[in-house]
Amino acid sequence: MQRAEDIGVATVLGSGTMGHGIAQVLASCDIDTRLYDVDAGALERAQSKVRANLDKGVERGKVDPEARERALASLRCTVDFDEAIAGTHLVVEAVPERIDLKRELFGRLGDALGPDVLLATNTSSLPITQIAAAARYPERVTGMHFFNPVHIMKLVEVVRTTSSSDEAIEVSVALALRMGKEPITVQDSPGFASSRLGLVIGLEAMRMVEAGVASAEDIDKAMTLGYGHPMGPLRLTDLVGLDVRLSIAEYLEKEVGAHFAPPAILREKVAKGELGKKSGQGFYAWDARGPRD
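When we follow this note's numbering, the leftmost residue of the sequence shown carries the number 815, and every step to the right adds one.
Below is the structure:
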């Protein structure tokens, strides 16, 4: 397995909110990065978002213009799976949160790639041990759970399955550091550390809105101003996606307990298509600049 500092080629599967962000930070490390998706239109949108993120970084003095150009030159989008994984040292899977889809992909990866290629999944709550079991050489599979927006958020949860080798964990941790992130290492457990803790707060905030305790804005202020959280739980839910949070809550309710039961307001909003920032409406109304007043 390549050392983290020697990884020169990486593949990201899935170009959605998390996938294009992971591809951006990998490409920003001067890693030849292939971003794969079955949808060519989704890849075009992902490429535009990466460019916009880098342009904003330059405007704010956070990204050097030459670094932006190198990152863009290091990123290639493709709808060809075989092309995406050819000669890769690392695969990070970031497709929708469906264990059947992830297991199918890891089965294909395990058949196509040798034991020296690190395979990581970005799932926020699904059992990685079950995903890894679909791959040949499951010892080289880890979780690398990034946070949205990937190019800004520092945390990466490196998740150890029951099969993960020490080498795979060490490379995953070192890779997160190379990407400018702060890794923590957790065991494969429902919700890991972050999703489990964050969702408890988020679901309770939703129940408070449902009961009329306070507005979404004031509940979020209680946590940002009173507890020093950088973002309130309801605005964070809008960024993550209400559909994603519903899926995680349903899974954790089954695996951990009834205190993760999704509130009615969450189910209702998802049913209406109010999915948060990506749909323009969640607990807040959104436009291109952020939540609208």
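Note that the Cβ used here is the ideal one computed from N, Cα and C, for glycine as well.
Strand pairing of residue i, partner residues [DSSP]
{"i": "VAL955", "result": "LEU933"}
{"i": "THR976", "result": "For THR976, which the question treats as bridged, DSSP gives no partner whatsoever."}
{"i": "CYS891", "result": "LEU849"}
{"i": "THR825", "result": "ARG848, VAL905"}
{"i": "GLN944", "result": "Beta-bridge pairing links GLN944 to no other residue."}
{"i": "VAL970", "result": "PRO997"}
{"i": "GLN1095", "result": "GLY1090, ALA1099"}
{"i": "GLY1104", "result": "ASP1101"}
Beta-carbon contacts of residue i that lie in its chain and below 7 Å, excluding the five residues immediately before and after
{"i": "VAL1027", "result": "none"}
{"i": "VAL985", "result": "MET815, ARG817, ALA818, LEU932"}
{"i": "ALA926", "result": "ILE899"}
{"i": "HIS1043", "result": "MET1037"}
Minimum C-alpha distance to residue i - residue among the options
{"i": "VAL826", "options": "ASP820, CYS843, VAL909", "result": "VAL909"}
{"i": "GLU1031", "options": "ARG1021, VAL1014, TYR1098, PRO952", "result": "TYR1098"}
{"i": "VAL864", "options": "ALA900, HIS834, GLU897", "result": "HIS834"}
{"i": "SER842", "options": "LEU1013, VAL973, SER978, ILE966", "result": "ILE966"}
{"i": "ARG917", "options": "VAL955, TYR1041, HIS903, LEU904", "result": "VAL955"}
{"i": "SER978", "options": "ILE913, THR935, SER1093, ALA1085", "result": "THR935"}
{"i": "THR937", "options": "GLY928, GLY921, MET958, ALA946", "result": "MET958"}
{"i": "ARG992", "options": "ALA824, THR831, LEU840", "result": "LEU840"}
{"i": "PRO952", "options": "ARG922, ASP869, LEU969", "result": "ARG922"}
Contacts around residue i, its chain only, beta-carbon distance under 6 Å, and the 5 residues preceding and following it disregarded
{"i": "ARG950", "result": "GLY924"}
{"i": "THR943", "result": "THR975, THR976, ASP1002"}
{"i": "VAL1000", "result": "GLU971, VAL973, PHE1006, ALA1007"}
{"i": "LEU857", "result": "SER829, ASP851, CYS891"}
8 Å Cβ cutoff met for residue i and residue j
{"i": "PHE960", "j": "ILE1062", "result": "no"}
{"i": "ALA898", "j": "GLN838", "result": "no"}
{"i": "GLU880", "j": "VAL1058", "result": "no"}
{"i": "ARG848", "j": "THR892", "result": "yes"}
{"i": "LYS1092", "j": "GLY1055", "result": "yes"}
{"i": "HIS903", "j": "GLY822", "result": "yes"}
{"i": "LEU1087", "j": "ASP1052", "result": "The sequence given here has Gly at residue 1087, not Leu. No, the pair does not count as a contact, with Cβ atoms beyond the cut-off."}
{"i": "LEU1048", "j": "ASP1034", "result": "yes"}
{"i": "PRO963", "j": "VAL1070", "result": "no"}
{"i": "LEU1080", "j": "LEU1060", "result": "yes"}
{"i": "SER1009", "j": "SER939", "result": "yes"}
Supposed close pair residue i, residue j - CB separation, criterion 8 Å
{"i": "ILE998", "j": "GLU971", "result": "6 Å"}
{"i": "LEU1066", "j": "LEU1013", "result": "7 Å"}
{"i": "ASP851", "j": "GLY828", "result": "6 Å"}
{"i": "PHE920", "j": "ALA887", "result": "Not confirmed; about 30 Å, so no contact."}
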